[in-house]
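These notes concern the structure reproduced below.
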Amino acid sequence: MREEAKVAIVGGGIAACSLAYHLARLGWDDVVLLEQDELTSGSTWHAAGLCTQFNSSYTLMRLLRYSVELYRSLEAETGQPVNYHACGSLRLAATRDRLDEFRQRAAMAELVGVPFEFVGTERLAGLNPLLDTRGLLEAAYLPTDGHVDPTGLTTAFVRGASDLRVRRRTPVTAIRRERGSWLLETPVGHVRAEIVVNAAGQWAPAVARLVGGDLPLVSLQHHYVVTEPIAELAALERELPVLRDADASSYVRQEGGGLLVGPFERDRSRGCSTASRRASTAGCSSCGVCGRRWERSSLRWAVREFEEHDCPAGEAARTRRAVKAAEREIACEACGWVAVTDKYRGPALLAEHQRIGPNKADAAEPASG
Ligand SMILES: Cc1cc2nc3c(=O)[nH]c(=O)nc-3n(C[C@H](O)[C@H](O)[C@H](O)COP(=O)(O)OP(=O)(O)OC[C@H]3O[C@@H](n4cnc5c(N)ncnc54)[C@H](O)[C@@H]3O)c2cc1C
């Protein structure tokens, strides 16, 4: 094989194929996609396919709304079934804090144009008759959320990218710069490209290393279980909305006549090679006077809790917060190494920790700041 293209995409999962589709829609017709195995053979085929528009970022919420709208129309456009189930989703709130968080998201959703409702326990029981609503306050209901078939969706993207050249069983083994373009080596020949896109999912750090790059991407283990058919489900007139409980860190959706249950494991790492980045997406705030500490899904919530806490030192604590609120904490769940840093240095520190290993973790520990 000797091939030339404007863009070479490395990988054949949902990210690569969605990119190829969107490039085609923008008129980029000289694109080749190189997949080491079969399309979707990476993480994509495992996915539970959940599609939610609930997010803490306006930009991502807009993108998620666009995705859901696209998934609903892609089948008609490409002829490839993607099985988008618009069953809606429910997020449970058992605490005032959680409700406050939902209220903030609801305001965002209104601005972005994502349908978002609050439902009390009575309606909740109607939407999901299998749910024990004791102890719950309310739930956030996003009626246009749902789930999709990841393999069908990936295939639809490829079909929709009309001029895309797909090379299966073509692992990229080396990438180098040659005469003003990139040369990608594979066991079956070379591809020369102006632009290379690394869409190799959990293998992306290895692909980055082919050009001497350091991509601090961390894989986390995640499993779900699928139950046998459940008689109560068969009696329902409509599919259950996807159910999420952030306090229990899990999701449940209907899968045929049974349930698909996905818990987010507390100990997701088996060693420093899979060290997790905690609080880089979350926020922490602590009071330097009374020692209380808050970790929340966002820094804003952590700071708010700080501001409302009843600290004996009053104003003095507030001054401390000005320093602490700008910090993030990263931690390795495997060996317990923790570093407090700003959000920009966090990923690089974690990568360094992974490189040198837990026994020398102290050497990598930075000064607070
Ligand atoms: C159990 C489970 C449940 C999940 N549930 C959900 C969910 O409900 N909703 C959701 O949004 N996400 C979910 N995810 C996450 C989702 O599956 C991933 O985020 C997504 O599939 C990543 O897609 P990707 O294209 O980036 O990577 P991948 O699908 O892993 O694709 C990367 C591809 O690159 C190829 N590749 C690697 N190196 C090379 C090379 N050198 N040359 C050529 N090809 C190469 C690989 O073979 C692979 O096919 C779930 C994941 C798991 C494991």
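Numbering (the working numbering), first residue to last: 28 to 396.
Just so you know, even glycine gets a beta-carbon here, dropped at the ideal spot from N, CA and C.
From a predicted model like this one, the values you see are computed outputs, not experimental measurements.
Whose C-beta lies closer than 8 Å to the C-beta of F129 among residues of the same chain, with five residues either side of it excluded? Sequence index remark: in the sequence shown, residue 129 carries index 102 (1-based). Answer for F129: R118, A120, F145, E165 and A167, listed in chain order.
Under 7 Å from any heavy atom of ligand 1, does the C-beta of P214 make it? Reading the sequence shown from its first residue, position 187 is the one you call residue 214. It does not: the Cβ of P214 is nowhere closer than 7 Å to a heavy atom of ligand 1.
Below 8 Å on the Cβ atoms is my guess for G40 versus T181; work out the distance and round it to an integer in Å. As a working note, residue 40 is residue 13 in the sequence shown. As a working note, residue 181 is residue 154 in the sequence shown. 7 Å between Cβ atoms; contact.
Which residues mark the beginning and the end of the beta strand (DSSP E) in which A262 is found? Taking the first residue of the sequence shown as 1, we reach residue 262 at position 235. Note, A262: premise wrong, no beta strand (DSSP E); not H, not E.
If we count Cβ pairs, one from each stretch, closer than 8 Å, do we get three or more for the stretch 49-61 versus the stretch 94-110? no
Is the beta carbon of A273 within less than 7 Å of some heavy atom of ligand 1? As a position in the sequence shown, residue 273 is number 246, starting the count at 1. A273 Cβ: outside cutoff for every heavy atom of ligand 1.
On a Cα-Cα basis, can you pick out the residue from V59, D241 and G69 that is closest to E221? One-based indexing of the sequence shown puts residue 221 at position 194. Closest option to E221, Cα to Cα, is V59.
On the DSSP letters alone, give me the boundaries of the alpha helix (DSSP H) that E149 sits inside. Counting from 1 along the sequence shown, the entry for residue 149 is found at position 122. That run of the alpha helix (DSSP H) goes T148 to L154.
Indicate whether G115 and D172 have their beta-carbon atoms separated by less than 8 Å. Here the question's residue 115 lines up with position 88 in the sequence shown. Here the question's residue 172 lines up with position 145 in the sequence shown. A contact, by the Cβ cut-off of 8 Å.
Could you work out which residue in V245, L87 and G283 is closest to Q381 when comparing CA atoms only? Counting from 1 along the sequence shown, the entry for residue 381 is found at position 354. Nearest of V245, L87 and G283 to Q381, Cα basis: V245.
Within this structure, are the beta carbons of M88 and A134 separated by less than 8 Å? As a working note, residue 88 is residue 61 in the sequence shown. As a working note, residue 134 is residue 107 in the sequence shown. No, the Cβ-Cβ distance between M88 and A134 is not below 8 Å.
Since I believe L77 is in contact with R280 (beta carbons under 8 Å), could you give me their beta-carbon distance rounded to a whole number of angstroms? Here residue 280 is taken as the residue at index 253 of the sequence shown, counted from 1. Here residue 77 is taken as the residue at index 50 of the sequence shown, counted from 1. That belief holds up - the Cβ atoms of R280 and L77 are roughly 7 Å apart, short of 8 Å.
Would you call Y98 buried or exposed, if buried means 16 or more other Cβ atoms sit within 10 Å of its Cβ? Counting from one through the sequence shown, the residue named residue 98 turns up at place 71. Buried, because 16 or more other Cβ atoms sit within 10 Å of the Cβ of Y98.
By the three-class DSSP mapping on this structure, what secondary structure does R29 have? Residue numbering aside, residue 29 sits at position 2 when the sequence shown is read from its first letter. Residue state, collapsed to three classes: strand.
Pairwise C-alpha distance: E102 and I257: Position 230 of the sequence shown holds residue 257. Position 75 of the sequence shown holds residue 102. Approximately 30 Å between the Cα atoms of the pair.
Buried versus exposed, by CB contacts within 10 Å (16 or more), G187: Here residue 187 corresponds to residue number 160 of the sequence shown, with the count starting at 1. It counts as buried.
Just verifying my parser: in three-state terms, what is the DSSP assignment at A220? Along the sequence shown, read from residue 1 onward, the residue named residue 220 stands at position 193. Three-state result, A220: strand.
For ligand 1, is there a heavy atom less than 7 Å away from the beta-carbon of H112? For the purposes of this step, residue 112 is taken as the residue at position 85 of the sequence shown. False, no ligand heavy atom lies under 7 Å from that Cβ.
Can you give me the C-alpha to C-alpha distance between Q248 and R161, rounded to a whole angstrom? Start at 1 with the first residue of the sequence shown, and residue 248 comes out as number 221. Start at 1 with the first residue of the sequence shown, and residue 161 comes out as number 134. Roughly 31 Å separates the two Cα atoms.
Between which two residues does the beta strand (DSSP E) holding G179 run? Here residue 179 is taken as the residue at index 152 of the sequence shown, counted from 1. No beta strand (DSSP E) contains G179, which is instead part of the alpha helix (DSSP H) from P177 to G187.
Return helix, strand or coil for W209, following the three-state DSSP convention. Walking along the sequence shown from the start, residue 209 turns up at place 182. If DSSP states are grouped into helix, strand and coil, W209 belongs with the strands.
Contact test: A75 Cβ vs ligand 1 heavy atom, cutoff 7 Å: In the sequence shown, residue 75 corresponds to position 48, counting from 1. Within the cutoff, so yes.
Going by DSSP, what residues sit across from E102 in a beta bridge? Within the sequence shown, the letter at position 75 stands for residue 102. According to DSSP, which records beta bridges pairwise, E102 is partnered with nothing at all.
What are the boundary residues of the beta strand (DSSP E) that includes Y278? In the sequence shown, the residue the question calls residue 278 occupies position 251. That run of the beta strand (DSSP E) goes S277 to E282.
Cβ of P38 within 7 Å of any heavy atom in ligand 1? For the purposes of this step, residue 38 is taken as the residue at position 11 of the sequence shown. Reading off the sequence shown, one finds Gly at residue 38, where the question assumed Pro. The answer is yes for G38.
On the DSSP bridge list, what partners appear for A116? For this step, residue 116 is matched to residue 89 along the sequence shown. Looking at the sequence itself, residue 116 is Ser, so the reference to Ala does not match. DSSP output for S116 lists L169 and V269 as bridge partner(s).
By a C-beta neighbour count over all protein chains shown, 10 Å radius and 16 as the cutoff for buried, is H174 buried or exposed? The count along the sequence shown starts at 1 and reaches residue 174 at position 147. With 16 or more other Cβ atoms within 10 Å, it is buried.
I need the straight-line Cα distance from A235 to H112, nearest angstrom please. Along the sequence shown, one-based indexing puts residue 235 at 208. Along the sequence shown, one-based indexing puts residue 112 at 85. Cα-Cα distance, rounded: 36 Å.
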